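Visitor: Just so it is clear: in the sequence shown, position 111 is 144 by our numbering, and no numbers are missing.
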Amino acid sequence: MTARKSGHDSTLSRRKILKGTAGAGTVLTLAGCLTSDDDNGGNGTGNGTGNGNGDEWSNTLEVLHGWTGGDGAEAADALFGALADEYPGMDIDESPIGGGGNVDLDQTVANRLQGGDPPSSFAGWPGANLEQYEGVLGDIEADVWDEAGLKDAHAPEAVEACETEDGFSAVPIGSHRMNDLFYNVEVVEDAGVDPESLNDVDDLLDALDTIDTETDATPFGFSLAPWGILQTWAVTMQSIHGHDAYMDFIEGNGDRSEVEETFVALEEMLDNYINADAASVDFTEVNQDIMSGDAAFIHNGNWVAGAYITEGLEYGEEWDAVQFPGTEEMYGLHIDSFIYPGDNPSPEETAAFMRFIGSETAQVEFNRLKGSIPTREGTPTDDFSPYLADTIEDFDNAEEKPPTLAHGLAVDQSTQADLEEVLNNEFADPFDVESATDGFMDVF
34 MTARKSGHDS
44 TLSRRKILKG
54 TAGAGTVLTL
64 AGCLTSDDDN
74 GGNGTGNGTG
84 NGNGDEWSNT
94 LEVLHGWTGG
104 DGAEAADALF
114 GALADEYPGM
124 DIDESPIGGG
134 GNVDLDQTVA
144 NRLQGGDPPS
154 SFAGWPGANL
164 EQYEGVLGDI
174 EADVWDEAGL
184 KDAHAPEAVE
194 ACETEDGFSA
204 VPIGSHRMND
214 LFYNVEVVED
224 AGVDPESLND
234 VDDLLDALDT
244 IDTETDATPF
254 GFSLAPWGIL
264 QTWAVTMQSI
274 HGHDAYMDFI
284 EGNGDRSEVE
294 ETFVALEEML
304 DNYINADAAS
314 VDFTEVNQDI
324 MSGDAAFIHN
334 GNWVAGAYIT
344 EGLEYGEEWD
354 AVQFPGTEEM
364 YGLHIDSFIY
374 PGDNPSPEET
384 AAFMRFIGSE
394 TAQVEFNRLK
404 GSIPTREGTP
414 TDDFSPYLAD
424 TIEDFDNAEE
434 KPPTLAHGLA
444 VDQSTQADLE
454 EVLNNEFADP
464 FDVESATDGF
474 MDVF
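(1) Grab the span of the alpha helix (DSSP H) containing E300 for me, first residue to last.
(2) Does DSSP classify L138 as helix, strand or coil?
(3) Considering only C-alpha positions, which residue in the set M474, L442 and A143 is nearest to A191?
(4) Enumerated in chain order, which unbroken segments of the alpha helix (DSSP H) with a length of 4 residues or greater are wholly contained in the stretch 127-207?
(5) Measuring CB to CB, does V204 end up less than 7 Å from F371?
(6) Would you report the Cα separation of R37 and I244, rounded to the nearest angstrom?
(7) Are three or more beta carbon pairs between the stretch 324-343 and the stretch 254-266 nearer than 8 Å?
(8) Which partner residues does V309 have in the DSSP bridge list?
(9) For G365, which residues from the same chain have a beta carbon less than 7 Å from its beta carbon, with the 5 sequence-adjacent residues on both sides left out?
(10) Using a Cβ-Cβ cutoff of less than 7 Å, which residues in the same chain neighbour N335 once the five nearest sequence positions on both sides are dropped?
(11) Exposed or buried, which one is P121 when buried takes at least 16 other CB atoms within 10 Å?
(12) Taking the C-alpha atoms as reference points, what is the distance between Y373 and S154?
(13) Report back the beta-carbon spacing between H332 and T265 to the nearest angstrom; my notes put them in contact at under 8 Å.
(14) May I ask you to report which of helix, strand or coil DSSP gives F477?
(15) For V23, which three-state DSSP category applies?
(16) Touch check for the stretch 291-309 and the stretch 230-242: three-plus C-beta pairs under 8 Å?
(17) Just to confirm, is the Cβ distance from V220 to T470 under 7 Å?
(18) Just checking my contact of T101 with P129 at CB under 8 Å: how many whole Å lie between their CB atoms?
(19) Assign E350 to one of three DSSP states: helix, strand, or coil.
(20) Helix, strand or coil for K230, going by three-state DSSP, please let me know.
(21) What ranges does the alpha helix (DSSP H) occupy inside the stretch 432-471, keeping only unbroken runs of at least 4 residues that lie completely in it?
(22) Whole beta strand (DSSP E) runs in the stretch 213-267 with 3 or more residues, listed along the chain?
(23) What does F330 pair with, by DSSP beta-bridge criteria?
(24) CB I368 to CB S418, shorter than 7 Å?
(25) Please classify P463 as buried or exposed, where buried requires at least 16 neighbouring CB atoms within 10 angstroms.
(26) Quick check: does the Cβ of L257 come within less than 6 Å of any heavy atom belonging to the ligand PLP?
(27) Keeping to the same chain, check which residues put their C-beta closer than 7 Å to that of V455; ignore five residues upstream and five downstream.
(28) On a Cα-Cα basis, can you pick out the residue from A161, A106, E174 and N144 that is closest to R388?
(29) Within 10 angstroms of the Cβ of A258, are there 16 or more other Cβ atoms? Answer buried if so, exposed if not.
(30) What is the residue span of the alpha helix (DSSP H) that F386 lies within?
(31) Have a look at V314 and N135 and give me their C-alpha separation to the nearest angstrom.
(32) Spatial neighbours of A181 within its chain, please: C-beta separation below 6 Å, excluding the five flanking residues on both sides.
(33) Just how far apart, CA to CA, sit I283 and Q446?
(34) In terms of residues, what are the limits of the alpha helix (DSSP H) holding F399?
(35) Count the other CB atoms within 10 Å of the CB of T246; is the residue buried (16 or more) or exposed (fewer)?
(36) So if DSSP puts I273 in a beta bridge, which residue, or which two residues, is it bridged to?
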């Protein structure tokens, strides 16, 4: 891999990137701060008709989520609008809480749980992320999963992610793909770059260099948030060394030379080809540069496609996507879900809400605008954009589905926070490959 020199300002790489609020501080303090369902029956028993007798709903359904602005506000509006249509007599308190990477949402949830004042439900990642809530979640296997037949309806990966040692405590709402590389069609064509021809990271770096030379656009739009660096490191690892090497790493059996080589490639990418304001902008602002033609490529979860879709941009004409070079046979697995707290303030309403989340109606209404796909198998694709229909097909046919490292599936929140701390302290200020490699190996 040869070094490249870019004319873009790389001084931002020397700035200190302040690490966002990490979940590690809440992991050890949540357990035991709520009464479990077994103590008071807060497990969502009932038939979804309020008080179980077919009369009016008894309590307000309060749901917290982080979808604001360009990263999902319209999808959330559609979801809760459909919920209101399904249950017109239910008092619904939908509370969106902004903040990059769900930092503010996670802190609000932690404060509420620690204070013994849980919401009815909150959006969050399933998988390893649920470990931080041990002892404070309710089991909704019988009253939601079994009653609504969700185990057979949803993809096995999604079912598995929502189950803990204490039962089922979450319901999936959709899946984002983590190994897409999005681009502005006009910019790459002006540069003479064919994204479909990129087979590996070296090809991608050559393409970024060409765009840097031939256009005024930023080659690789980026936000230097630690979680953004982490997810790009993960897909770069998968590209260079493959699915098995990535899985070995997250399972604690990583090869140091492979980790180091991944950092070398990432350093070249981020030190030479990203926007000069990457340290101070979030991914929604960077995504605006893709839409305006001020940037060529962006790697992110396909929530960025939600913005293109809601803005009415033409897929294949104004924007497009390929799999991150070298990961063509993979579907980088990310799952969003709603989580059920124990000692629930509205068990009947919340159980009905959770059953609704797993339904075809909810999965269509939310995902068609979010830039994600249903985890419910066999969902009709008529209302989905061509891009999302393609993504659904890829999900069904993928050879491997590596779980996301930066969004709760692969590792618990404490481990993710440790990795982000390494990136913040040892890699983003400045790009120190050796120290970052040592840090990642130490974490696992």
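Even for Gly, the Cβ is constructed at its ideal location relative to N, Cα and C. Note that the structure is predicted; figures quoted are calculated from it, not measured.
Guide: By the coordinates alone:
(1) Counting along the chain, the alpha helix (DSSP H) containing E300 begins and ends at R289 to N305.
(2) Note: L138 maps to helix in three-state DSSP.
(3) Nearest C-alpha to A191: L442.
(4) Qualifying alpha helix (DSSP H) stretches, in chain order: 136-147, 183-186 and 189-194.
(5) Cβ atoms of V204 and F371: closer than 7 Å.
(6) The predicted position of R37 is uncertain, since its pLDDT is 41 and thus under 50; no value can be drawn from it.
(7) The stretch 324-343 is in contact with the stretch 254-266.
(8) Contrary to the premise, residue 309 reads as Ala rather than Val in this sequence. DSSP lists no beta-bridge partner residue for A309.
(9) Contacts found: R210, M211, N212, V268, P435 and T437.
(10) The answer, listed in chain order, is H209, R210, D213, G404, S405 and T424.
(11) So P121 ends up on the exposed side.
(12) Their backbone Cα atoms lie some 5 Å apart in a straight line.
(13) H332 to T265, Cβ: 6 Å. Contact.
(14) Correct three-state label for F477: coil.
(15) There is simply no residue 23 to check, as the chain begins at 34 and stops at 477 in what is shown.
(16) Here the stretch 291-309 makes contact with the stretch 230-242; the two share three or more CB pairs at distances below 8 Å.
(17) In this structure, T470 does not lie closer than 7 Å to V220 by Cβ.
(18) The pair is a contact, with the Cβ atoms about 5 Å apart (cut-off 8 Å).
(19) Annotated three-state conformation of E350 is coil, per DSSP.
(20) Checking the sequence, you will find Ser at residue 230 rather than Lys. Note: S230 maps to helix in three-state DSSP.
(21) Every alpha helix (DSSP H) of 4 residues or more that sits fully in the stretch 432-471 is shown, in chain order, as 446-455.
(22) Correct list: 213-217 and 251-254.
(23) F330 is bridged to Y216 and F253.
(24) Not a contact, by the Cβ cut-off of 7 Å.
(25) Flag for P463 reads exposed.
(26) No copy of the ligand PLP appears in this structure; indeed no ligand is present at all.
(27) Non-local C-beta neighbours of V455 in its own chain, meaning closer than 7 Å and more than five positions away in sequence, comprise A469, G472, F473 and V476, ordered along the chain.
(28) Here the closest residue by C-alpha is E174.
(29) A258 is classed as buried because its beta carbon has at least 16 other beta carbons within 10 Å across all chains shown.
(30) For F386, the enclosing alpha helix (DSSP H) has its first and last residue at P380 to I390.
(31) Rounded to whole angstroms, the gap between the alpha carbons of V314 and N135 is 16 Å.
(32) Taken in chain order, the residues that qualify are R388 and G391.
(33) When rounded, the separation of the alpha-carbon atoms in I283 and Q446 is 13 Å.
(34) Counting along the chain, the alpha helix (DSSP H) containing F399 begins and ends at E393 to K403.
(35) Exposed, since its Cβ has fewer than 16 Cβ neighbours within 10 Å.
(36) According to DSSP, I273 bridges with nothing at all.
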